[in-house]
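Q: This is the structure I want to talk about, given as structure tokens.
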Amino acid sequence: MNAKQFRFETGEISHTGYARDHNEDNLYTYPDGGMWVVADGMGGHHGGDYASGVIVQHLASVGRATSAPDLQARFVERITRANGQIQQHALSQGATIGSTVVSLLVFDQHFACVWSGDSRVYLIRDGQLTQLSRDHTEANELLDRGAITPEEAENWPRKNVITRAIGVHPDVHLDHKYGTLRNRDTFILCSDGLTAHVEDHEILEIARKHQPQKACDMLLDLTLQRGASDNTTVVVVRAFDKTEVTPMTAIFDLPQEGI
52 MNAKQFRFET GEISHTGYAR DHNEDNLYTY PDGGMWVVAD GMGGHHGGDY ASGVIVQHLA
112 SVGRATSAPD LQARFVERIT RANGQIQQHA LSQGATIGST VVSLLVFDQH FACVWSGDSR
172 VYLIRDGQLT QLSRDHTEAN ELLDRGAITP EEAENWPRKN VITRAIGVHP DVHLDHKYGT
232 LRNRDTFILC SDGLTAHVED HEILEIARKH QPQKACDMLL DLTLQRGASD NTTVVVVRAF
292 DKTEVTPMTA IFDLPQEGI
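Using this note's numbering, you'd call the opening residue of the sequence shown number 52 and step up by one each time.
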């Protein structure tokens, strides 16, 4: 069975926001199979929600893998299928559509973060927040080539233009980050609707203090309070090592100062 050493608590939420008339984000969570996914679609006339929907539909067929490499291979194969289906649909509509994707894959104590686009995955460990993914944006590509400085990248007029997505190109280009799970590791997967309004330090404070579903609710509430200019989707996953003794009293949802 997948992920035998760990059990997981998962929270999830998605909202259209105040500036869009429909939600082009999709999510899929399958804790028993060790997979959590957020996809943020783009394209007019509901092309974006079609693209993100195709991704999660294909990933829902992954099933239970037999090893960490098998899980990743199944994931990539489904994403490749989704990429082809989205391209065919776009061709029939005479439009360019696509979707970001970010996923957390877990088998036993091994995890992989896999992504394309600017949807993000963060890890909270030892009280610190680390962004495991790196946004596939024009500004980051120019920064990597040394064409602009970090200060210029921050104010780049096309800083939010993404350079990778599923369904846009014939070939699928995914980036990966690998690691080993530890007790109480907490992962946050999100579309850019969250990070447009909520700072990293706020994500850390909320997600580390609260149970996953409460954290999702609070992060969305903060986004809505600040205008919610885009669709917003958040998935929070906390891993518990079954071999470690957990104190009867946890810190989550005790009275806290501030956020």
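Yeah, the Cβ is synthetic: ideal placement off N, Cα and C, and Gly gets one too.
Only a predicted model underlies this, so the values are computations on that prediction, with no experimental measurement involved.
What is the DSSP secondary structure of residue 143, reduced to helix, strand or coil?
A: helix
Q: Let me check understanding here. Comparing Cα to Cα, which of 213, 140 and 119 lies closest to residue 97?
A: When the alpha-carbon of residue 97 is set against those of 213, 140 and 119, the nearest one is in 140.
Q: Please say whether residue 127 and residue 155 have beta carbons closer to each other than 8 Å?
A: no
Q: Out of curiosity, what's the CA-to-CA distance linking residue 281 and residue 199?
A: 28 Å
Q: Would you mind sorting residue 120 into buried or exposed? The rule is 16 or more other CB atoms within 10 Å of its CB.
A: Under this definition residue 120 is an exposed residue.
Q: Is it a yes or a no for the region 189 to 204 touching the region 110 to 119, going by three-plus beta-carbon pairs under 8 Å?
A: no
Q: What are the boundary residues of the alpha helix (DSSP H) that residue 204 is part of?
A: 201 to 205 is the extent of the alpha helix (DSSP H) around residue 204.
Q: Can you give the Cα-Cα distance for residue 304 and residue 104, rounded to whole angstroms?
A: In this prediction, residue 304 scores a pLDDT of 49, lower than 50, which makes its location untrustworthy; no coordinate-derived value is stated.
Q: Mind listing, in chain order, the continuous beta strand (DSSP E) runs of no fewer than 3 residues lying wholly within the region 88 to 117?
A: Listed in chain order, there is nothing to give.
Q: For residue 70, which residues does DSSP report across the bridge?
A: Answer is none; residue 70 lacks a bridge partner.
Q: With which residues is residue 227 paired in a DSSP beta bridge?
A: 165
Q: Alpha carbon to alpha carbon, how far is residue 180 from residue 143?
A: 43 Å
Q: Apart from the five residues just before and just after residue 68, which ones in its own chain have a Cβ nearer than 7 Å to its Cβ?
A: Taken in chain order, the residues that qualify are 244, 279, 280, 281, 282 and 283.
Q: Please go through the region 256 to 284 and give each complete alpha helix (DSSP H) segment of 4 or more residues, from N-terminal end onward.
A: Complete alpha helix (DSSP H) runs here, min 4: 263 to 276.
Q: Which value, in whole angstroms, describes the spacing of the CA atoms of residue 137 and residue 149?
A: In this structure, the CA atom of residue 137 is about 7 Å from the CA atom of residue 149.
Q: By the DSSP assignment, the beta strand (DSSP E) with residue 195 in it spans what residues?
A: Taken as a continuous stretch (DSSP letters only), residue 195 belongs to no beta strand (DSSP E), being part of the alpha helix (DSSP H) at 189 to 195.
Q: List the endpoints of the continuous alpha helix (DSSP H) containing residue 245.
A: In the DSSP annotation of this structure, the continuous segment of the alpha helix (DSSP H) that includes residue 245 starts and ends at 243 to 246.
Q: I'd like the list of long-range same chain contacts for residue 255, defined as Cβ closer than 7 Å, with 5 residues on each side in sequence excluded.
A: 175 and 180
Q: For residue 71, which residues in the same chain have their Cβ closer than 8 Å to its Cβ, ignoring the five residues on either side in sequence?
A: 281 and 282
Q: Go to residue 152, then tell me how far its beta strand (DSSP E) extends in each direction, as first and last residue.
A: 152 to 158
Q: Are at least three pairs of beta-carbons, each pair with one atom in the region 231 to 241 and one in the region 284 to 296, less than 8 Å apart?
A: yes
Q: Where does residue 56 fall in DSSP's three states?
A: DSSP, reduced to helix, strand and coil, places residue 56 outside both helices and strands of the structure shown, so it counts as coil.
Q: Does residue 177 pass the burial test, meaning 16 or more other C-beta atoms within 10 Å, or should it be called exposed?
A: exposed
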